[in-house]
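I have placed the structure first, in the form of structure tokens, so that the comments after it can refer back to it.
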Amino acid sequence: MRKDLKGLVIFFSLIFLFPLLVRNPYYIGVLVFWGIYSIITLGLTILMGYAGQISLGQAGFFAVGAYTSGILTTRFGLPPWLGILAGLGLSLLLSLFLALPSLKLKGHYLAMATLGFGEIVHVVLNAWVGVTGGPSGFGEIPALSFLGWKLDSEIRFFYFTWGWVFLFFLFSLSLLKSPYGRALRSLHAEERIPLSLGVNVYFYKVFAFLWAAFYASFAGSLYAHFMTFLSPSSFTLILSILLVLMIVVGGLGNLWGALLGAGILTFLPEILRTFEDFEMLIYGIFLILIMIFLPRGLVSLRRGKVATGD
Amino acid sequence: MDWQNFLQLVLSGITIGSIYAFIGIGFNIIYNTTSIINFAQGEFVMLGGLILYSFHQTLHIPLIPAILLTLILVTLIGIGMERLTLHPVKNPTVLNMIIITIGCSIFLKGVALSIWGREVYHLPFFFPRPPFQIGGASITTQSLVVWIALILSSAFLYFFYRFTLLGKAMRACSVNPVAARLMGIKVKSLVTLSFALAAFLGGLAGVTITPISLMDYQRGSLLALKGFAAAVLGGLGKEFGAILAGMALGITESLVAGYISSGYKDAVSLLILLFILFVRPGGIMGSKEEISLREL
């Protein structure tokens, strides 16, 4: 715990100092994306890494958060904070529905069910043209304001986003250190053991789903107000898979791994962009190599016990 | 309701359902020997279509040899993928193996993108004849090719699994890999064989469907998703369950597109899938006992 806190202070000081060194809005923008993805992966790693449930539909909650915020503020003129809250509420409701089958389903079947959810959201975004704007999406989403600051520049949004990443990291860390966190972790290996110890397995599974959906939806709302434009092509199955890849590449069941994986898979495509059509090819090789040589993710490179948990 | 229209929709549903069935069978073959889902299965289909295009249209190789060469090449790619990426992994976990197949899928897509670019490719029908008329609905010759390919390959698989030693070894491996190894079955070679078979079937699906539905470098993913749905719906690990489920999925999709809205057709078939998963978590062909035995 102490090591985690020390790491946290060092890491976030470096992040917060970054804009003083680099003022290029493009790079700041990439870092904002890293922050947004980190919020999702911090939630997802609780669900997948600790509670041991697979979700291939996280882009669906990201989309629900983004579109609810976007639609309510743009079309109905509601204040952005109400939009974010509405998005969170809707996501929690939907994840409750999705968590129900998860009580019965395992492994590939659960993967399929969550994947189906993500695809349904994607189809609805495309087909419900009157509300979502259909395949071409909609724009002019107003900027967020925070304590009287209008978050209309990359740098302001950068600090705002990473402030939230910091808070979410602390939430997750304290959750994992609490009795709730220990009960969650016990789900990972074998369901019958925690069950026989009196852990309410069903409650914790649903809890983990809600937790991950909450994070993803919040990140979605941030995304909407940062981009100010939404279209369904940003919320595909590819994104859901990418999010899972982030936590696996970083190191499953490790909060630092979630941050690291999100960072690497945000920056890699930016770097590979110079290779144009060979981008995907190199990306694929990179993933395969990491999984062959570092099956426990990049955090396993560090032998020290920085890892939260095992 | 117009009867002819209905029949036409069902027939085209059967054709696209056959493709889902092909892919679903491929998922199952690999699942049975490795208990992983091979996310690159759709890329075999895509490669089948695009490689045939290059052999037949660009290099002007006659159709039959071009098809044979394509199938051999796709099968070799399947074997190569298993040998180079999954084979060297020590103490693999299911999740790691799945991520590796996702990596392979991205890699193969990347290769296809750098060879064929972003264009959409079209192949002529194998037998350029006017469509047959049945009860007012028409069946194209290419649809027949797809159906016959599916019937022949499932007959072959049935024979292979029931009556050959190799096929029986593969079934043994799917029941219990450890026990199979103790009986002297070389499980690792069977894994390679299963990738070869799955790649062959994927390639065959790609070769036969491209004249109907066109092909480009990223079309494999959506097909794989539907094929995955078919495999899960039919009960993972049941080759012939996937055929039934693939047909059901294809026909439902086609009817929804015809009568309700083509925009929502993917959502409706997925909702049905979610519903079935909720009611029968082992798929339509799966039994309860098997699910508890087959947990990840």
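Sequence order for the protein chains is R and C. With the numbering used here, you'll find the first sequence wraps up at 324, consecutive numbering, no jumps. With the numbering used here, you'll find the second sequence wraps up at 297, consecutive numbering, no jumps. From the three backbone atoms N, C-alpha and C, an ideal C-beta is built for every residue, glycine too.
Check: For Trp-163/R, which beta-bridge partners are listed by DSSP?
Finding: For Trp-163/R, the pairing in a beta bridge is given by DSSP as Phe-160/R.
Check: Quick one: is Trp-176/R buried, meaning 16 or more other Cβ sit within 10 Å of its Cβ, or exposed?
Finding: Buried is the call here.
Check: Are any of the Cβ atoms in chain C nearer than 9 angstroms to that of Gly-265/R?
Finding: No, its Cβ sits nowhere closer than 9 angstroms to a Cβ of chain C.
Next item on the list: Please go through the same chain and pick out, in chain order, the residues whose beta-carbon is closer than 7 angstroms to the beta-carbon of Leu-297/C, but skip the five residues on each side of it.
Entry: In this predicted model, Leu-297/C has a pLDDT of only 38, less than 50, meaning its place in the structure is not dependable; the value taken from the coordinates is given anyway. Val-95.
Checklist line | Range covered by the alpha helix (DSSP H) that runs through Phe-172/R | finding: Under the DSSP assignment, Phe-172/R falls in the alpha helix (DSSP H) whose first and last residues are 168-191.
Notebook entry, point to check: Sorted by chain position, which residues of the same chain lie with C-beta nearer than 8 angstroms to Val-320/R's C-beta, five sequence neighbours on each side aside?
Noted result: Here Val-320/R scores only 42 on pLDDT, less than 50, and its place in the model should not be relied on; the value that follows carries that caveat. Within the same chain, Val-320/R has close Cβ partners Lys-17, Asp-18, Gly-21, Trp-270, Val-313.
Next item on the list: At 8 angstroms on the CB atoms, spell out the chain R contacts of Ile-101/C, in chain order.
Entry: Result: Leu-301, Ile-302, Met-305, Ile-306.
Item checked: Check whether Ala-268/C and Val-138/R have beta carbons under 9 angstroms apart -> With contacts defined by Cβ atoms closer than 9 angstroms, Ala-268/C and Val-138/R form a contacting pair.
Next item on the list: Give the secondary structure of Ala-65/R by DSSP, where H, G and I count as helix, E and B as strand, and everything else as coil.
Entry: Three-state DSSP puts Ala-65/R in coil, outside helix and strand.
Next item on the list: Report the partner residues of Ser-139/C according to the DSSP bridge assignment.
Entry: When DSSP reads this structure, Ser-139/C sits in a beta bridge with Gln-134/C.
Notebook entry, point to check: Of all the CB atoms in chain C, is at least one closer than 9 angstroms to the CB of Gly-318/R?
Noted result: Low confidence applies here, because Gly-318/R scores a pLDDT of 46, under 50, leaving its location unreliable and the question unanswered by this model.
Notebook entry, point to check: Does the Cβ-Cβ distance between Leu-86/R and Ala-100/R come in under 9 angstroms?
Noted result: Taking 9 angstroms as the Cβ cut-off, Leu-86/R and Ala-100/R qualify as a contacting pair.
Item checked: Beta-ladder partner(s) of Leu-96/R, from DSSP -> Looking at the DSSP assignment, Leu-96/R forms no beta bridge with any residue, so it has no partner.
Check: Taking the runs of the beta strand (DSSP E) that are 3 residues or longer, which of them lie wholly in the segment 62-140 of chain C?
Finding: Considered as a whole, the segment 62-140 of chain C harbours 133-135, 138-140 as its complete beta strand (DSSP E) runs of no fewer than 3 residues, in chain order.
Next item on the list: In the DSSP assignment, find the unbroken alpha helix (DSSP H) run with Asp-267/C in it and report its ends.
Entry: Run containing Asp-267/C: 266-280, per the alpha helix (DSSP H) assignment.
Notebook entry, point to check: Of the residues Gly-185/C, Leu-191/C, Phe-161/C, Gln-219/C, which one's Cα is nearest the Cα of Ser-175/C?
Noted result: It is Leu-191/C whose Cα lies nearest to the Cα of Ser-175/C.
Notebook entry, point to check: Pairing CB atoms from the segment 206-214 of chain R with CB atoms from the segment 70-90 of chain R, are three or more of them under 8 angstroms?
Noted result: Segments in contact, no.
Notebook entry, point to check: How would you write the range of the alpha helix (DSSP H) that Tyr-237/R sits in, first residue to last?
Noted result: Start and end: 215-241.
Note to self: Rounded to the nearest angstrom, what separates Val-146/C and Ile-213/C at their Cα positions?
What the structure shows: Those two C-alpha atoms are separated by around 11 angstroms.
Checklist line | Neighbour-count burial assignment, Glu-240/C, 16 or more Cβ in a 10 Å radius | finding: Residue burial annotation: Glu-240/C is buried, with at least 16 other C-beta atoms found within 10 angstroms of its C-beta.
Next item on the list: Report the option in Gly-259/C, Phe-279/C, Gly-264/C whose CA atom is closest to the CA atom of Asp-3/C.
Entry: The closest CA to that of Asp-3/C, considering only Gly-259/C, Phe-279/C, Gly-264/C, is found on Gly-259/C.
Note to self: In whole angstroms, give me the CA-to-CA distance for Thr-288/R and Ile-252/R.
What the structure shows: Cα-Cα distance, rounded: 21 angstroms.
Notebook entry, point to check: Is the distance from the Cβ of His-122/R to the Cβ of Ile-38/C below 9 angstroms?
Noted result: The answer is yes: Cβ separation under 9 angstroms.
Margin query: As a quick exercise: from Phe-221/R, Arg-199/R, Met-294/R, pick the residue whose alpha carbon is nearest that of Leu-114/R.
Written below: Considering only alpha carbons, the answer is Phe-221/R.
Check: Any Cβ of chain R within less than 9 angstroms of the Cβ of Pro-89/C?
Finding: For Pro-89/C, the closest Cβ of chain R is nearer than 9 angstroms.
Check: Which residues, taken in chain order from the segment 177-196 of chain C, show a beta carbon closer than 8 angstroms to some beta carbon of chain R?
Finding: For the segment 177-196 of chain C, which is checked against every Cβ of chain R, not one residue is closer than 8 angstroms.
Checklist line | Members of the segment 27-61 of chain C that neighbour chain R once the beta carbon cut-off is set at 7 angstroms | finding: The residues in question are Ile-38.
Notebook entry, point to check: Would DSSP call Leu-244/R helix, strand or coil?
Noted result: Note: Leu-244/R maps to strand in three-state DSSP.
Note to self: If I follow the unbroken alpha helix (DSSP H) through Ser-19/C, where does it start and stop?
What the structure shows: Element bounds for Ser-19/C: 4-35.
Margin query: Report the CB separation of Gln-42/C from Ile-65/C in whole angstroms; it is logged as a contact under 8 angstroms.
Written below: The beta carbons of Gln-42/C and Ile-65/C sit about 25 angstroms from each other, so the pair does not count as a contact at 8 angstroms.
Notebook entry, point to check: Can you tell me the Cα-Cα spacing of Ile-135/C and Tyr-122/C, whole angstroms?
Noted result: When the Cα atoms are used, Ile-135/C and Tyr-122/C turn out to be separated by approximately 30 angstroms.
Item checked: Rounded separation between Ile-296/R and Gly-104/C - CA only -> Each residue's CA atom was taken as its position, placing Ile-296/R and Gly-104/C some 10 angstroms apart.
Notebook entry, point to check: First and last residue of the alpha helix (DSSP H) that includes Val-143/R?
Noted result: Start and end: 143-146.
Margin query: Quick check on Ile-207/R - is its C-beta less than 9 angstroms from some C-beta in chain D?
Written below: Absent here is chain D; the protein component of the structure consists of chains R and C.
Item checked: Strand pairing of Phe-152/R, partner residues [DSSP] -> DSSP, once it has assigned bridges, lists Leu-244/R as partnering Phe-152/R.
Margin query: List, in chain order, every chain R residue whose beta-carbon is nearer than 7 angstroms to that of Asp-267/C.
Written below: Simply Glu-133, Val-137.
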